[in-house]
Structures are given as C-alpha cells and as structure tokens.
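Just add 597 to the spot in the sequence shown (first one is 1) and you have this note's numbering.
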Amino acid sequence: MKLFDLWPGHKPPARTPTRPVVSVTVTKRAGAGQPVATGNTPKPEGVHQRLVGPRELPETLEACEALHEQLVADAIRLELSLAQAVERAIQGTPYDRAWYNRAKAALKHLNHDRTRLLYRCGQLRKEAKAHAQQHMDRVILDVIKESMPADQFLGYVRIAEARAAQGVSR
Numbered sequence: 598m599k600l601f602d603l604w605p606g607h608k609p610p611a612r613t614p615t616r617p618v619v620s621v622t623v624t625k626r627a628g629a630g631q632p633v634a635t636g637n638t639p640k641p642e643g644v645h646q647r648l649v650g651p652r653e654l655p656e657t658l659e660a661c662e663a664l665h666e667q668l669v670a671d672a673i674r675l676e677l678s679l680a681q682a683v684e685r686a687i688q689g690t691p692y693d694r695a696w697y698n699r700a701k702a703a704l705k706h707l708n709h710d711r712t713r714l715l716y717r718c719g720q721l722r723k724e725a726k727a728h729a730q731q732h733m734d735r736v737i738l739d740v741i742k743e744s745m746p747a748d749q750f751l752g753y754v755r756i757a758e759a760r761a762a763q764g765v766s767r
C-alpha cells in the first residue's frame with residue numbers, strides 16, 4: 598500500500614468483488630472447555646454460551662423470543678458456513694472433515710434447542726392467554742357485581758356454586 602492511499606479524500610483503487618466471509622464459532626457439546634473452531638468476529642459481551650448439554654430455557658416469553666432469534670441467526674450462519682465448505686470442496690479446495698462433522702453436530706443440537714424453545718414459547722403464550730382471560734372474567738364479574746343489588750348477585754353466586762358441586766355446566 599502506498600502512503601498517498603491513506604490521505605483524506607483519496608479513494609483507493611477499485612478492488613475485485615469478493616465473496617462475503619461468514620464467521621462461525623463451533624463448540625463441543627459434550628464437554629471441552631475450549632472452542633473447537635473460531636471465526637474472526639469477536640464474541641459479544643455478556644453472552645454466555647453453554648458448552649455442555651441443552652440450553653436452559655428462559656422463564657419469560659420475551660426472553661424466549663429473543664433466544665429464538667439468536668438461535669435462528671446462529672443456525673443460519675452455521676448452515677451458510679457448511680454450504681460454503683461443501684461448495685469449496687466441489688471446486689477443489691479441501692476442507693477439514695473434523696470441523697465439518699463438529700459443525701453438523703452443532704447444527705443438529707441448535708435445531709433441537711430451537712424445537713424445544715418453540716414448544717416452550719407456545720406453552721408460555723397459552724399461559725398468558727389463560728391468565729388474560731381469567732383477568733377479563735374477574736373484571737366482568739366486578740362490573741356485574743357493581744351494577745346489581747348485593748342480594749341478587751349472591752343469589753346468582755349460590756346457583757353457580759350448586760351447579761359446580763353437581764358438575765353441571767351449560
């Protein structure tokens with residue numbers, strides 16, 4: 598590189614278009630503490646990736662959705678990296694078989710975690726919907742209770758309790 602390329606306002610010579618480089622970190626799932634293959638992008642701060650066993654599922658729906666987005670992005674990056682390795686192998690550039698097998702296993706585990714996470718998100722959505730319905734029922738009962746005399750409302754409560762005791766519902 599020539600020094601005049603570094604001057605402000607100077608445009609460097611046009612480069613030939615290159616393929617984008619996808620960086621992926623593949624870790625062992627069965628126990629090693631060191632990453633097996635690392636890409637050239639730094640790991641974001643505050644992100645702790647489990648190296649052993651399945652991932653812990655979050656307790657809130659928002660956290661589940663955020664983790665799902667992260668898992669989808671990781672799976673896409675890993676699939677692209679695997680596809681590039683196969684494409685390069687077809688063109689004659691060999692790839693590391695051990696890395697390829699570890700990456701395929703990591704993708705399998707990622708997809709399994711995604712499936713578990715989707716099931717957990719569905720459970721949390723059902724719970725949230727049921728909780729919202731119970732809250733709405735409580736609000737409706739409060740409005741009805743305020744709009745009618747207390748003895749009439751208590752009469753309806755006794756009728757409902759009697760039906761519940763008999764197991765009769767409409």
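All residues carry an ideal CB built from backbone N, CA and C; glycine is no exception.
The alpha-carbon of Lys701 is positioned some 24 Å away from that of Arg717.
Taking a 10 Å sphere around the C-beta of Leu738, we find fewer than 16 other C-beta atoms and assign the residue as exposed.
Rounded to the nearest angstrom, the Cβ distance from Leu714 to His665 is 5 Å, consistent with a contact under 8 Å.
Looking only at Glu676, Lys726, Ala686, the smallest Cα-Cα distance to Lys705 is reached by Glu676.
In this structure, the beta-carbon distance from Ala672 to Arg699 does not fall below 8 Å. For Glu656, there is no enclosing alpha helix (DSSP H), as DSSP gives it neither H nor E. Cβ-Cβ separation between Tyr697 and Leu679: approximately 7 Å, consistent with a contact (criterion under 8 Å). Counting every other CB atom within 10 Å of its CB across the protein chains shown gives Leu751 a total below 16, marking it as exposed.
The straight-line gap separating the alpha-carbon atoms of Thr657 and Arg735 is approximately 24 Å. With distances taken between CA atoms, Asn708 lies nearest to Ala670 out of Ala761, Ala660, Ala670, Gln763.
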